[in-house]
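Numbering follows our numbering, in which position 379 of the sequence shown is assigned residue number 409; successive positions increment by one, without gaps.
For reference, the structure discussed in these notes is given below.
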Amino acid sequence: MQEQQPKTSLPENAYRELRDGEQYNPVMGADQTPVEVTPYSVTVGILMAILFSAAAAYLGLKVGQVFEAAIPIAIIAVGLGQMRGKKNMLGQNVIIQSIGASSGVIVAGAIFTLPALYILGLDAKFYQVFLSSLLGGVLGIVLLVPFRKYFVKEMHGKYPFPEATATTEVLVSGEKGGSQAKILVAAGLIGGLYDFIVSTFGAWTSSLSTQMMGWGKWLAANAKLTLGLNTSAAVLGLGYIIGLKYALIIAGGSALVWFVIIPLVTPLLSLFDAATIGDVLLGMGINPEGLATPEGIFKEIGRPIGIGGIAMAGLIGIIRQAGIIKSALSLAKNELGGKKSAEVEPRTQKDISMKVIMTIIVAALVATLFFFQFGVLNNWFQTIVALLIVFVIAFLFTTVAANAIAIVGSNPVSGMTLMTLILSSLVLVSVGLEGKSGMIAALVIGGVVCTALSMAGGFITDLKIGYWLGTTPKKQQTWKFVGTFVSAATVAGVMIIMNDTYGFVGENALVAPQANAMAAVIQPLMTGGATPWLLYGIGALLALVLTFVKVPALPFSLGMFIPMELNAPLVVGGLVAWAVNRHKNAEQAKANNNRGTLIASGFIAGGALMGVVSAILAFAGLNLTLTGWAGSAYAEILGLVMYAALIAYFIWHSRKARIGE
31 MQEQQPKTSL PENAYRELRD GEQYNPVMGA DQTPVEVTPY SVTVGILMAI LFSAAAAYLG
91 LKVGQVFEAA IPIAIIAVGL GQMRGKKNML GQNVIIQSIG ASSGVIVAGA IFTLPALYIL
151 GLDAKFYQVF LSSLLGGVLG IVLLVPFRKY FVKEMHGKYP FPEATATTEV LVSGEKGGSQ
211 AKILVAAGLI GGLYDFIVST FGAWTSSLST QMMGWGKWLA ANAKLTLGLN TSAAVLGLGY
271 IIGLKYALII AGGSALVWFV IIPLVTPLLS LFDAATIGDV LLGMGINPEG LATPEGIFKE
331 IGRPIGIGGI AMAGLIGIIR QAGIIKSALS LAKNELGGKK SAEVEPRTQK DISMKVIMTI
391 IVAALVATLF FFQFGVLNNW FQTIVALLIV FVIAFLFTTV AANAIAIVGS NPVSGMTLMT
451 LILSSLVLVS VGLEGKSGMI AALVIGGVVC TALSMAGGFI TDLKIGYWLG TTPKKQQTWK
511 FVGTFVSAAT VAGVMIIMND TYGFVGENAL VAPQANAMAA VIQPLMTGGA TPWLLYGIGA
571 LLALVLTFVK VPALPFSLGM FIPMELNAPL VVGGLVAWAV NRHKNAEQAK ANNNRGTLIA
631 SGFIAGGALM GVVSAILAFA GLNLTLTGWA GSAYAEILGL VMYAALIAYF IWHSRKARIG
691 E
């Protein structure tokens, strides 16, 4: 069968809900046989996984932020193809991106939990970090595959998929070239340089705040009321793709915490006896010393409420998606029983067979069993309990992680992992495992679950990209295991080196903020300390109320958990989308939105790529900050001006679109 030339534009119904009887036909149609898996695409994908795993691990351990690798890898894949003068590289570029993108999700799973072993004065060996990451990543892949069709096909147009949208636009524009590629490149340069100048030189402030003004400082000190706004071009682009509806829901969670809960804490505490309230707070798992600033109150009270909300929203989501879970289990049962569907699936809908999935699940669980027994616990009963914790939580929360990525583009994996650590610790203590050995066990369990959920959330992005473009899902799924193996080995090596070189405790140590939070949560549970159950309960109750009044509880709870300064710009991006789409002519509005999506994708791509460059500069020890200027009042004023200029450019350029462009 002769290979057909693929289209180089996304269909007009790529981002909207389908009408009755309408079908989505991807760029590479089901009747085509695009070149996907080749020695070139696999080799480049593996190299990308190694490179970005090392870069993301360093940056994540240093500042707590793991950049998403999918977009910069897509840019590099497109660039390499163009340098080689090759045509029709779309299928190969998707495979490169999919293998390489394993790096970011594996890094997030590992560095959010396992450095806590060092922080607590415990030891972590290479094989423990490697196997924890590898087994978690494998479980995340195989547990997500049965839900692929639901998230990427049945829910088509109902979820924004911000990161998948940006990556898809990069791949398509790179293949197409012409005016769309120029728009994407220009936006990428503008957004990338904007973020790079801020992060590297500090030429203007990276975050606007009411505390820039005297009245704002007074409000923060006396009323604990403050508003922050991250001015990153990448986050602005993310807000555009998410859209105003979801941005407002997410910001609603932030507003509740920052404008209601935080300002009320100090007046409420003043009603009680100052001599005893400190002990009461400690008994509730709250550090009184952390309540002096709005940021401290957010950490001690706001985030735990958000964690409770995320956990309950996850449980609600599991209940609501019980039918999908049941269908996946029914499919597995039918395939294992030899029953096959009479309908022949097109190439673009073929997954790894359920028999293979079940075989891999069993093999991964057996490997995890032996890993826990001989590498961590050395007690068969406790090992079996630990294995059940991993499987049940990873299985149930896989759909929650995928749902979160589909809506907001960021995985609440740290919040879900905290809940995993809490539940694991309680169960392990009940079966006689506590102290140092209990902390090691709980953190390794948390590492496996965290990586599984991180992989599930990240992999749904890859599969959505493949759905839009027409990749063969089975090939993506098969080669994702290779990326997972390479990334797990790289992350384990980098973490050991970073600990030996810098350490995670003491002066000049790596910050590893998420791992420090995990250590702070797990230590009292394993040594008899207090846990903020009341705050978790408040968050859970709030999620129930939100669900009752038909407000999506998961994005709202994410808003409570993620700092306000990262949520507020999503609303700005949503307002930009609203302004761009306002036009009497529906065709013109559509053209404006298409160009706006390209510009937003460019901002995200440029910011992500410059994040890698910043990580390399930081690793090299280069400090190019403009000392004396960065952080000054003038830098803050310039930050406001530059952010306004960026928004103005975004709206102006989007509204210059031509119909049929």
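Ideal placement from N, C-alpha and C gives every residue a C-beta, glycine not left out.
Given the structure is predicted, the values throughout are model-derived calculations rather than measurements.
Assuming Gly258 is part of the beta strand (DSSP E), what are its boundary residues? As a first step, residue 258 must be located in the sequence shown, where it is residue number 228. From DSSP, the beta strand (DSSP E) with Gly258 extends over 258-260.
Return the chain-ordered ranges of every alpha helix (DSSP H) run that is complete within the segment 157-192 and spans a minimum of 4 residues. none
By the 10 Å Cβ neighbour count, where 16 or more other Cβ atoms means buried, how is Asp61 classified, buried or exposed? On the sequence shown, position 31 is the one that residue 61 refers to. With fewer than 16 Cβ atoms within 10 Å of its Cβ, Asp61 is classed as exposed.
Enumerated in chain order, which unbroken segments of the beta strand (DSSP E) with a length of 3 residues or greater are wholly contained in the segment 254-318? 258-260
Buried or exposed, going by whether 16 or more other CB atoms sit within 10 Å of the CB of Ser133? As a first step, residue 133 is located in the sequence shown; it is residue number 103 there, counting from the start. The residue is buried, with at least 16 neighbouring Cβ atoms inside 10 Å.
Judging by CA-CA distance, which residue of Thr197, Gly658, Val643 is the nearest neighbour of Leu652? On the sequence shown, residue 652 is found 622 positions in, with the first residue counted as 1. Looking at the Cα atoms, Val643 is the closest of the given residues.
Grouping DSSP H, G and I as helix and E and B as strand, with all else coil, what is Gly214? Locating residue 214 in the sequence shown gives position 184, where the first residue counts as 1. The question names Gly, but residue 214 in the sequence shown is Leu. The answer is helix: DSSP assigns Leu214 an H, G or I state.
Please report the distance separating the alpha-carbon of Val392 from that of Tyr157. Here residue 392 corresponds to residue number 362 of the sequence shown, with the count starting at 1. Here residue 157 corresponds to residue number 127 of the sequence shown, with the count starting at 1. Approximately 21 angstroms, taken between the alpha carbons.
Measuring straight from C-alpha to C-alpha, what distance separates Thr198 and Ile307? Along the sequence shown, read from residue 1 onward, the residue named residue 198 stands at position 168. Along the sequence shown, read from residue 1 onward, the residue named residue 307 stands at position 277. Near 54 angstroms, if we compare the C-alpha coordinates of Ile307 and Thr198.
Quick one: is Thr514 buried, meaning 16 or more other Cβ sit within 10 Å of its Cβ, or exposed? Your numbering for residue 514 matches position 484 in the sequence shown. Classification for Thr514: buried.
Complete runs of the alpha helix (DSSP H) confined to the segment 374-421 [at least 4 residues]: 384-402
Just to check my reading of the structure: Ala518 and Leu164 have Cβ atoms closer than 8 angstroms, yes? What is that Cβ distance to the nearest angstrom? Mapped onto the sequence shown, residue 518 falls at position 488. Mapped onto the sequence shown, residue 164 falls at position 134. With 8 angstroms as the limit, Ala518 and Leu164 qualify as a contact, their Cβ atoms being about 4 angstroms apart.
For the putative contact between Met469 and Ala140, defined by C-beta atoms under 8 angstroms, what is the C-beta separation to the nearest angstrom? By one-based count along the sequence shown, residue 469 stands at place 439. By one-based count along the sequence shown, residue 140 stands at place 110. Wrong, their Cβ atoms sit about 17 angstroms apart, outside the cutoff.
Leaving aside the five residues before and after Thr428 along the sequence, list all residues of the same chain whose C-beta is less than 8 angstroms from its C-beta, in chain order. Residue numbering aside, residue 428 sits at position 398 when the sequence shown is read from its first letter. Once the five neighbours on either side are set aside, the close Cβ partners of Thr428 are Gly170, Leu173, Leu174, Phe177, Ala482, Leu483, Ala486.
Between the segment 618-634 and the segment 676-688, do at least 3 Cβ pairs fall closer than 8 angstroms? yes
Determine the burial state of Ile527: buried for a count of at least 16 other Cβ atoms within 10 Å of its Cβ, exposed for fewer. Within the sequence shown, residue 527 is the residue found at index 497, counting from 1. The residue in question, Ile527, is exposed, as its Cβ has fewer than 16 Cβ neighbours within 10 Å.
With H, G and I counted as helix, E and B as strand and the rest as coil, what does DSSP make of Gln35? Translated into positions along the sequence shown, residue 35 becomes position 5. Because the pLDDT at Gln35 is just 46, under 50, the model does not fix this residue reliably, and the value given afterwards should be weighed accordingly. If DSSP states are grouped into helix, strand and coil, Gln35 belongs with coil.
Let's test the definition: count the other Cβ atoms within 10 Å of the Cβ of Lys580 and tell me whether it reaches 16, buried, or not, exposed. Walking along the sequence shown from the start, residue 580 turns up at place 550. Answer is exposed; the Cβ neighbour count stays below 16.
Could you tell me which residues DSSP pairs with Ser237 in its beta bridges? Position 207 of the sequence shown holds residue 237. For Ser237, which the question treats as bridged, DSSP gives the partners Asn260.
When Gly603, Val420, Asn43 are compared against Val457, the one with the closest alpha-carbon: On the sequence shown, position 427 is the one that residue 457 refers to. Answer by Cα proximity: Val420.
Leaving out five residues on either side along the sequence, give the residues of the same chain with a beta carbon under 7 angstroms from the beta carbon of Gly496. Taking the sequence shown and counting its residues from 1, the one referred to as residue 496 is at position 466. Val124, Pro503, Gln506, listed in sequence order.
Burial state of Ser587 (16 or more Cβ within 10 Å): Here residue 587 is taken as the residue at index 557 of the sequence shown, counted from 1. Burial call: buried.
One question on the structure: do Leu59 and Ile103 come within less than 9 angstroms of each other, judged by their Cβ atoms? For the purposes of this step, residue 59 is identified with residue 29 of the sequence shown, where counting begins at 1. For the purposes of this step, residue 103 is identified with residue 73 of the sequence shown, where counting begins at 1. The sequence given here places Gly at residue 59; Leu does not occur at that position. Contact: no.
Per-residue DSSP class, three states only, for Lys614: Position 584 of the sequence shown, counting from 1, holds the residue named residue 614. The answer is coil: DSSP assigns Lys614 none of H, G, I, E or B.
Sequence-distant residues of its chain with Cβ nearer than 8 angstroms to Ala233 (five each side left out): Walking along the sequence shown from the start, residue 233 turns up at place 203. Result list for Ala233: Ile227, Leu656, Trp659, Ala660, Ala665, Leu668, in chain order.
Please report how far the alpha carbon of Ser360 lies from the alpha carbon of Thr240, in whole angstroms. For this step, residue 360 is matched to residue 330 along the sequence shown. For this step, residue 240 is matched to residue 210 along the sequence shown. Distance between the alpha carbons of Ser360 and Thr240: 54 angstroms.
By how many angstroms is the C-alpha of Glu193 removed from the C-alpha of Val610? Residue mapping note: residue 610 aligns to position 580 of the sequence shown, counting from 1. Residue mapping note: residue 193 aligns to position 163 of the sequence shown, counting from 1. One C-alpha to the other measures close to 20 angstroms.
Can you name the start and end residues of the alpha helix (DSSP H) that Gln62 belongs to? Sequence index remark: in the sequence shown, residue 62 carries index 32 (1-based). Looking at the DSSP string, Gln62 is not in any alpha helix (DSSP H), and its letter there is neither H nor E.
Is the Cβ-Cβ distance between Leu147 and Leu473 less than 9 angstroms? The count along the sequence shown starts at 1 and reaches residue 147 at position 117. The count along the sequence shown starts at 1 and reaches residue 473 at position 443. Yes. Within cutoff.
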